[in-house]
Amino acid sequence: MTDRPALSDLTATYHNGAAEGDDTVTLYTTTWCPFCSRLTRALDRTGTPYTRVDVEDNPTAGRWVESVNGGNRVVPTVHFADGSHATNPPASAVRQWLEGHRGK
Numbered sequence: 001m002t003d004r005p006a007l008s009d010l011t012a013t014y015h016n017g018a019a020e021g022d023d024t025v026t027l028y029t030t031t032w033c034p035f036c037s038r039l040t041r042a043l044d045r046t047g048t049p050y051t052r053v054d055v056e057d058n059p060t061a062g063r064w065v066e067s068v069n070g071g072n073r074v075v076p077t078v079h080f081a082d083g084s085h086a087t088n089p090p091a092s093a094v095r096q097w098l099e100g101h102r103g104k
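What follows is the structure, given as structure tokens:
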């Protein structure tokens, strides 16, 4: 198992409606990834809050993504506030997670 970098070392580069302390999600993406663009567009259309981190601009984020994807830098990888994560999930799964954790 790969050691995972501390998430507290990650710097968010973009916030879409996500406020400090929200039960939100963090998307680990790149600027050139079509799957990342599709996910963020779908979340934006429904006003779903998220924080976005570009793994190419943030080496610690890249190492974390690799640590949860068998050593591969697969994007988008989504980190949920409860510590779980998903690789290339549909926007509906992200929204469903948020709905299920709102106010907990």
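Last residue of the sequence shown? That's 104 in the UniProt record's numbering, and every number before it is there in order.
Backbone N, C-alpha and C define an ideal beta-carbon position, used for all residues, glycine too.
Keep in mind that this is a model prediction, so the values were computed, not measured.
In this structure, DSSP gives V25 an extended state, which the three-state scheme calls strand.
V68 has its alpha-carbon roughly 24 Å from the corresponding atom of R41. Under the three-state reduction of DSSP output, R102 falls in the coil class, being neither helix nor strand.
Exposure of G100 is indicated by the presence of fewer than 16 other C-beta atoms within 10 angstroms of its C-beta.
According to the DSSP assignment, R63 belongs to the alpha helix (DSSP H) that extends over 59-68.
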